[in-house]
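What follows is a short report on a single structure.
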Amino acid sequence: MFKNQKTLAVARNLIGKILVRRVGKRLIREIITETEAYVGPHDLACHSSRGRTKRNEPMYDEAGTIYVYFTYGMHWMLNIVTEETGFGAAVLIRATENFKGPGRLTKALKIDGSLNAKKLGKKSGLWIESEDNKANQAKKLIRTPRIGISYSGPIWSKKLYRFVLRD
DNA sequence: ACCGTGATTGAG
DNA sequence: TCAATCACGGTT
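For the first sequence, counting from 1, position 80 maps to 80 in this note's numbering; every step adds exactly one.
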């Protein structure tokens, strides 16, 4: 699903799907309720817009790669890489049903830099359940501008690239 | 509205 | 080197 769709479509379609995290023997299953699309190097809010750096290197790997980075001295952000290898686009998972906010989500699911650049799947212990669920079939989406990216200027900061599942 | 917190970045 | 910034969250 990450390879064959545009980043915006991936962001939209991830809403309502189930994010699964293995921590020890336990599986945490969470319905994704909020995502944001970072659509490529032309998108001034996207990390790839300023070229390849050590931090954003995983964004240039194949679709389905996990891109986790640390910000504000405290928080890990979880992204899934999209589009063609070498392009530099991703979807930020901002929240699930029980964990609102990207920093709280990663904390709850024990997601940190050790997952960076790994692939979604059983091996890494983080994946998306392929089956749709009821919430996905009946999903009612709201689109808004992305959060916390005012630095990207008047055009990109206004794009409706954030998707939220209506409560 | 303000600030903690520390890695990352780009400028010098 | 170094200062500014930051895809946040908790508190005032």
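Built from N, CA and C at the ideal position, the CB exists for glycine as well.
Check: Close beta carbons around S152, own chain, < 7 Å, minus the five adjacent residues each side; Outcome: L44, A45
Check: C-beta contact flag for F2 and G86 at 8 Å; Outcome: no
Check: Reference Y60; option with closest CA among P154, G101, G88, L27; Outcome: G88
Check: I155 to L27 span [Cα, whole Å]; Outcome: 40 Å
Check: Alpha carbon of I149 to alpha carbon of A95, nearest angstrom; Outcome: 17 Å
Check: Alpha-carbon spacing of F163 relative to N79, whole angstroms; Outcome: 14 Å
Check: C-alpha gap between A90 and G40, whole angstroms; Outcome: 8 Å
Check: Among M77, R52, R50, nearest to E36 - alpha-carbon criterion; Outcome: M77
Check: Residue nearest to N13 in terms of C-alpha spacing, selected from T82, R55, G121; Outcome: T82
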